[in-house]
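Asks: With positions in the sequence shown counted from 1, the corresponding number in the working numbering is that position plus 3.
We put the CB at the ideal spot given by N, CA and C, even for glycine.
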Amino acid sequence: APSLAAGAMMSFALSLDDLVLASFVSGPGSTTLPMEVFSAVRLGVKPEINAVASLILLAVSLVTFLVWFFSRRAEEHRKKAIQQAIDEASAESWKQPDVRRPKSLTAV
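#1: Kindly indicate which three-state DSSP category Gly47 falls into: helix, strand or coil?
#2: Leaving out the 5 sequence neighbours to the left and right, which residues in its chain are closer than 6 angstroms to Val70 when beta-carbon positions are compared?
#3: What's the gap between the Cα of Asp90 and the Cα of Lys82?
#4: Touch check for the stretch 25 to 36 and the stretch 74 to 81: three-plus C-beta pairs under 8 angstroms?
#5: Helix or strand or just coil, what does DSSP make of Ser14?
#6: Hey, Val48 and Met12: beta-carbon distance below 8 angstroms or not?
#7: Mind reading off the beta-carbon distance from Val63 to Ala25? Whole number of angstroms is fine, and I expect it under 8 angstroms.
#8: How would you label Val40, buried or exposed, when you count the other beta carbons within 10 angstroms and need 16 or more for buried?
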């Protein structure tokens, strides 16, 4: 799941750079975000462009951090559950008598 989220974020970031494809694919009268950014840069960088770039960077960074945080937390819970299962299994094995040894040897 983390690899899918990382791939989605990378494809989103790379799609912002693909101006030629966006201009061919978009219909008449529609303006995509890469086309809007490119036309604004040609006319001069406005504060809105800086704000949009900052928001995109913040959103991608926040999603990346959240995916990392929750995957790390899930991994810790998984390790705890495995260790608890191992501890319970070893405690149960100490309580059971050893059936491999004959009773005559255990009485000695």
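Replies: From the atom records:
#1: coil
#2: Pro5, Ala8
#3: 12 angstroms
#4: no
#5: helix
#6: The answer is no: Cβ separation not under 8 angstroms.
#7: That pair is no contact at about 19 angstroms.
#8: buried
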